[in-house]
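2 protein chains.
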Amino acid sequence: MGRVRADATRNLERVLSTGARMLADDPSATIAAIAVAAGVDRRTVYRRFASREDLMAAVYGARYDAVEKAIEAARLREAPVEVALHRYVEGIIAVNRKWPVETSRMLREETLHERRRGLIDEVDAFLRRATDEGLLRSDLPPGWVATILPPLLVHAAEDLSELSAAQAADVVVDTLLRGVGRTARS
Amino acid sequence: MGRVRADATRNLERVLSTGARMLADDPSATIAAIAVAAGVDRRTVYRRFASREDLMAAVYGARYDAVEKAIEAARLREAPVEVALHRYVEGIIAVNRKWPVETSRMLREETLHERRRGLIDEVDAFLRRATDEGLLRSDLPPGWVATILPPLLVHAAEDLSELSAAQAADVVVDTLLRGVGRTARS
DNA sequence: CCTAACTGCCTCATCAATGTAGCACTTATA
DNA sequence: TATAAGTGCTACATTGATGAGGCAGTTAGG
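Quick mapping for you: the protein sequence lines, in order, are chains E and B.
So the first sequence is numbered by the numbering used here: it starts at 1398 and just counts up by one.
So the second sequence is numbered by the numbering used here: it starts at 1398 and just counts up by one.
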């Protein structure tokens, strides 16, 4: 009852996907557990990925690929700030749903630091532009928006699960810009 | 060079404190690593805590004690909503600094579910009151504010480290209610 | 002063997870 | 149809963390 060739690419995909889910849920998830959840033999995982580290790197890489695509699609440098912001938020929410990773663990990965740096710079530059063009307040601690945005998108992806990515983005952008307070105070 | 009695309580305190830090930073941190960081022998940790689980339970318990105190001090049921909100935010930020725990791991702890439930209900009730009294918008997905508040406080505690808890609370409450957008859009 | 409470250090058994190896079997592809 | 790629399954060695035992030494409290 050995399956084969056509499933080869499919298996790899499933290991990556379920691996991402499991590792996000519990970073110390066993390779065996991931293999079972992916409906694949543990040995197969090791045939594709040299080590545990290698699998995690692949998962993180897949996520970063998706993030890069989302950022490109948002056209953060050229598009009108409101449009770019919404597209970015929507894109990252979708990424967080397809590639949910435990962020704090990922940040420790040395090999991704340079890549990460590039993406962060991109977003920071955008947020500066948004501030300069009057979309965002300029009286907040520097980096504050950049700090709260990612976790906001993580929780939006998880807890607004009944909404589409676009609808969730509506909520996020709205509450981000206008806040959850009813009336503007002072 | 064996130290003793007076340090006994101090040692326990240090193990708990550094244990919280380390486990927050990496939930799979070794008991040995925690012991070293606390300047204590590994055996001593096991003398105080029957098992790894026991230590984590103690850490979570210490955090929950602090959270309960903060909620009590905020007087969520009686105090004016603006005041209560600010005191709650400030209190939880302080707790997050003194007892930083990896939240997602903690939520899985069965033994704390009932206790957690009580605290959640308390906060939920307060948020409802705040909505009824007109402080918060009522056109948002149910539970949305309750969802984004905790992670917001976590990141405020970490990334606004140069600000006092009270100052950080100012920022959080302000951005939470008014948002980070410059002008109110229709 | 002397006993009881602790601690540090060394050791040891146990167990779970990692990573490898080899064999039998199935299917795409040339 | 034959070959090669890929999988499942059943071991196996290794490593690292857990938890416990024992002993000498130090100090608070009677």
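Every residue, glycine too, gets a C-beta built ideally from N, C-alpha and C.
- In the pairwise beta carbon analysis, the segment 1553 to 1560 of chain B is classified as touching the segment 1488 to 1497 of chain B: at least three pairs are separated by under 8 Å.
- At a cut-off of 8 Å between C-beta atoms, residue 1552 of chain B counts as an interface residue with respect to chain E.
- The residue from E:1446, E:1535, E:1547 with its alpha-carbon nearest to that of residue 1489 of chain E is E:1547.
- Counting every other CB atom within 10 Å of its CB across the protein chains shown gives residue 1477 of chain B a total below 16, marking it as exposed.
- When secondary structure is reduced to three states using DSSP, residue 1436 of chain E falls in the coil class, being assigned neither helix nor strand.
- Nearest to residue 1567 of chain E by C-alpha distance, out of E:1509, E:1449, E:1549, is E:1549.
- Judged by pairs of C-beta atoms under 8 Å, the segment 1510 to 1517 of chain B touches the segment 1451 to 1469 of chain B, as three or more such pairs exist.
- E:1459 is the residue among E:1491, E:1534, E:1424, E:1459 whose C-alpha sits nearest the C-alpha of residue 1411 of chain E.
- Collapsing the DSSP output to three states places residue 1576 of chain B in coil.
- Beta-bridge annotation (DSSP): residue 1550 of chain B is not paired with any residue.
- Cβ-Cβ separation between residue 1473 of chain B and residue 1577 of chain E: approximately 17 Å, too far for a contact (criterion under 8 Å).
- Chain-ordered, the chain B residues with CB closer than 8 Å to the CB of residue 1541 of chain E read 1556, 1557, 1568, 1572, 1577.
- When secondary structure is reduced to three states using DSSP, residue 1473 of chain B falls in the coil class, being assigned neither helix nor strand.
- The beta carbons of residue 1542 of chain B and residue 1486 of chain B sit about 12 Å from each other, so the pair does not count as a contact at 8 Å.
- At a beta-carbon threshold of 7 Å, none of the residues of chain E lie near residue 1504 of chain B; the nearest stands roughly 11 Å away.
- Contact between the segment 1446 to 1458 of chain B and the segment 1516 to 1530 of chain B is absent: fewer than 3 CB-CB pairs across the two stretches fall below 8 Å.
- Annotated three-state conformation of residue 1533 of chain E is strand, per DSSP.
- Taking a C-beta cut-off of 7 Å against chain B, the contacting residues of the segment 1527 to 1538 of chain E are 1531, 1532, 1533, 1534, 1537, 1538, listed in chain order.
- Between residue 1481 of chain B and residue 1523 of chain B, the beta carbon gap of about 7 Å places them in contact (Cβ cut-off 8 Å).
- By the criterion of a C-beta distance shorter than 8 Å, residue 1429 of chain B is surrounded in its chain by 1439, once the five residues flanking it on both sides are discounted.
- Boundaries of the alpha helix (DSSP H) harbouring residue 1500 of chain E: 1500 to 1503, taken from the DSSP string.
- Non-local C-beta neighbours of residue 1492 of chain E in its own chain, meaning closer than 6 Å and more than five positions away in sequence, comprise 1463, 1464, 1467, ordered along the chain.
- Remark: C-beta atoms of residue 1453 of chain B and residue 1434 of chain B do not approach each other more closely than 8 Å.
- Counting of Cβ neighbours within 10 angstroms places residue 1436 of chain B among the exposed residues, the total staying below 16.
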